[in-house]
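Peer 1:
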Amino acid sequence: MSNWHEVTTVEELAQRRAMVFKRERYQLAIFHDGAQCHAVDNRCPHEGYPLSQGSVDDACVLTCNWHNWKFDLATGTNLYGGDDVRTYPVQVRDGAVWVDLSDPPIAELTAQILVGLRKAFDEQDDGWIARELARLVAAGLDPVAVAVPRAIEWCAPRLEWGTTHAFAATSDWIALYDRLGAEPGEGDAARTEARLVCASEAIDHLAFDALRQPEFVFAAPLAEGFDHDQLLEAIEREQEPRAVGLVRGGVAAGLGFAELERSFTHAALRHYAGFGHAMIYVVKTGELLQRLGPELADPLLSALTRYLVTSTREDLIPEFRSLADAIAAYPEHDGSTSHELGADWDAEVDALTGTSLKAMFRWIHEQARVRTPMQIWDALMRASARSMLCFDTRRSTATSVKVADNVGWLDFTHALTFGSAVRRQCSKYPELWGRGLLQMGCFVARNRAYLDTGIELEDWRVDDEDGFWAGVQDRLLDHGLPLPIFSAHLLKTSTAVALEADNVAAPTRALMLAALNRLLRSPIKQKHARRNVHQAMALIGL
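Count the sequence shown with the UniProt record's numbering and you get residues 1 to 542, in order.
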């Protein structure tokens, strides 16, 4: 439906060359180029400066003089490849200039915005990404429903080694987006701003991981159909084409994550894989599919399969080679009965922090004969939280260290995020509790050399939990960290602690909150130039 408005006379516009026209929510720059009249949004799509103060040359090119962006005045095309500027139909009637403020059909507008978003995605231009998402909201559309699925599709085939933190973080950003939408008390503008941060952060991370990468085409679906044992064998043998083909064949036949989840969970825990990422990514992939819908099953599950094939297997290196024997020796116990936790239980659990891997495996075996898996899990979560709380941050800034001692906050956060994934998946597939608990023990034991025993719970205890979580949310929405890998870990650790706080005993809860509190209040060194050079010289023999 047209929405024509009279602006001025041709004579006046020709004399002034440019003028501003405001009506309703619109602000237009109207130009006369000597032959024709043109109308565009007055606010430059870059940073909002007035295009009415720009310059128009003989080729009908409009220049925004603030940053030299140039637009084809007739079409609105950005000649430098950034955001296009919207144009409006113009008519001259009996010497008067009229403009049509009608919005294009929603399908056409959505398509235009997604074209711009794809360009922004390919350049990983976070400001441009935010602007395109804001345009979706202005059109009454949900950026998570419209834009995030497309970004996942653009990203997935460009991940050479499969699923990354970008997918996991996207799940957590969407969860925060949904919570913000349900919270009372926020004004509409503040709520919209916070939710747009979540959507733009998710897409920015996806764009970062896909930046300048070619497509690594997924293997074609196999017609023979999906088979659990064959998938595990293909992953074990690192046969990516076959593993991906089996999964894609299953998806093509109508299988979804619910039918494939057990297989992925078994594959993730078959090894101490990818520093715990394998298990975490299984959980987060399932969350994404549940939230965004099964149409994303092909790209998400293909990327997950590729990751499971290519991820590192630390149980094959000397430090963790004993894990296989520990798994084989895990006691048969259905976990339905257990002894009461004695008065010395808390002291026994506290002693786990700093214990060796051998002693850790022995303790887990002993407890598995008399405790439920959840009791052992809580103890290991407590030990993980205490380790994280007591991280010696001098280790993260040290320069003259061996590669094996490259340790930072991210290494400690993984114990909690992996532990959360273990509870969720092993509760569904109890036959995997032994593998999950023993691998949790690996995290506690591997960090024992990097602790500052002078750190006390009382120094970081969280007394006002509501106020604490409000502060966590504020920090996440304005974290100020340029590399998304670091903001992703703040987000996923906060998400895991919030999720598990009600699943653990009171002492464990206190330690998890304190550890998170210290993490969020600590600086994170994001680049190690001197350490890199020190280690390079040692390797080369200088």
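Note that beta-carbon positions come from the ideal geometry of N, C-alpha and C, so glycine has one too. Keep in mind the model is a prediction, meaning the values are calculated, not measured.
For Ala-328 and Leu-438, what's the separation of their Cα atoms in angstroms?
Peer 2: Ala-328 and Leu-438: Cα-Cα distance of roughly 11 Å.
Peer 1: If we call anything under 8 Å between Cβ atoms a contact, is Leu-101 one with Arg-43?
Peer 2: No; because the gap between Cβ atoms is not below 8 Å, this pair is not in contact.
Peer 1: Could you have a look at Glu-153 and say whether DSSP puts it in helix, strand or coil?
Peer 2: Helix at Glu-153.
Peer 1: Do you know how far the Cα of Gly-245 is from the Cα of Arg-212?
Peer 2: Approximately 26 Å between the Cα atoms of the pair.
Peer 1: If distances are taken between C-alpha atoms only, which option among Ala-404, Ala-18, Arg-386, Asn-503 comes closest to Glu-456?
Peer 2: Ranking the options by Cα distance to Glu-456, first place goes to Arg-386.
Peer 1: Which residue marks the beginning of the beta strand (DSSP E) containing Cys-426, and which one marks its end?
Peer 2: Premise fails: Cys-426 lies in the alpha helix (DSSP H), 409-428, not in any beta strand (DSSP E).
Peer 1: Which of the three DSSP states is assigned to Leu-451 in this structure?
Peer 2: Looking at Leu-451 - three-state DSSP - the assignment turns out to be strand.
Peer 1: Can you list, in chain order, the residues of its chain whose CB lies under 7 Å from that of Lys-284, leaving out five sequence neighbours each side?
Peer 2: The answer, listed in chain order, is Phe-167, Ala-168, Ser-171.
Peer 1: If you follow the alpha helix (DSSP H) that Cys-198 is in, where does it begin and where does it stop?
Peer 2: Taken as a continuous stretch (DSSP letters only), the alpha helix (DSSP H) holding Cys-198 covers 188-210.
Peer 1: For Glu-500, which of helix, strand or coil comes out of DSSP?
Peer 2: If DSSP states are grouped into helix, strand and coil, Glu-500 belongs with the helices.
Peer 1: Assign Thr-75 to buried or exposed, taking buried as 16 or more other Cβ atoms, counted over all protein chains shown, within 10 Å of its Cβ.
Peer 2: With fewer than 16 other Cβ atoms within 10 Å, it is exposed.
Peer 1: With 16 other CB atoms within 10 Å as the buried threshold, where does Val-144 fall?
Peer 2: It counts as buried.
Peer 1: Helix, strand or coil for Lys-492 per DSSP?
Peer 2: Looking at Lys-492 - three-state DSSP - the assignment turns out to be helix.
Peer 1: From the DSSP output, in three-state form, read off Phe-264 for me.
Peer 2: Reduced to three states, the DSSP call for Phe-264 is helix.
Peer 1: Expressed to the nearest angstrom, what Euclidean distance is found between the alpha-carbon atoms of Trp-460 and Arg-531?
Peer 2: Straight-line Cα distance between these residues: approximately 30 Å.
Peer 1: Take the Cβ of Glu-500 as the centre, count every other Cβ of all protein chains shown within 10 Å, and call the residue buried at 16 or more, exposed below.
Peer 2: It counts as buried.
Peer 1: Using 8 Å as the threshold, is the stretch 399-407 in touch with the stretch 521-538, meaning 3 or more CB pairs across them?
Peer 2: Touching, per the Cβ criterion.
Peer 1: Are there 16 or more other CB atoms within 10 angstroms of the CB of Asn-447, so buried, or fewer, so exposed?
Peer 2: Per the 10 Å Cβ criterion, buried.
Peer 1: Do you know offhand how far Met-146's Cα is from Cys-390's?
Peer 2: Contrary to the premise, residue 146 reads as Val rather than Met in this sequence. Taking the straight line from one Cα to the other gives about 43 Å.
Peer 1: Let me confirm a value: Arg-25 is counted as buried when at least 16 other C-beta atoms fall within 10 Å, else exposed. Which label applies?
Peer 2: Exposed.
Peer 1: Kindly give me the distance between the Cβ atoms of Ala-96 and Thr-9, rounded to whole angstroms, as I take these residues to be in contact under 8 Å.
Peer 2: Yes, they are in contact, since the Cβ atoms of Ala-96 and Thr-9 sit about 6 Å apart, within 8 Å.
Peer 1: Is the CB-CB distance between Phe-121 and Ala-207 below 8 Å?
Peer 2: Yes, Cβ-Cβ distance for Phe-121 and Ala-207 is below 8 Å.
Peer 1: With a threshold of 7 Å (Cβ to nearest heavy atom), would Gly-434 be considered close to the ligand NAD?
Peer 2: The model depicted lacks the ligand NAD and carries no ligand whatsoever.
Peer 1: Of all the options Ala-324, Ile-113, Cys-37, which has the alpha carbon lying nearest to the alpha carbon of Val-85?
Peer 2: For the residues Ala-324, Ile-113, Cys-37, the minimum Cα distance to Val-85 belongs to Ile-113.
Peer 1: With respect to the alpha helix (DSSP H) encompassing Gln-535, which residues constitute its N-terminal and C-terminal limits?
Peer 2: Element bounds for Gln-535: 529-540.
Peer 1: If you run the structure through DSSP and keep just helix, strand and coil, what is Val-137?
Peer 2: Reduced to three states, the DSSP call for Val-137 is helix.
Peer 1: What span of residues does the alpha helix (DSSP H) with Tyr-281 cover, start to end?
Peer 2: It spans 277-292 - the alpha helix (DSSP H) in which Tyr-281 sits, taken as one unbroken run.
Peer 1: Determine the contact status of Asn-503 and Arg-423, defining contact as a CB-CB distance below 8 Å.
Peer 2: Yes, the pair counts as a contact, with Cβ atoms nearer than the cut-off.
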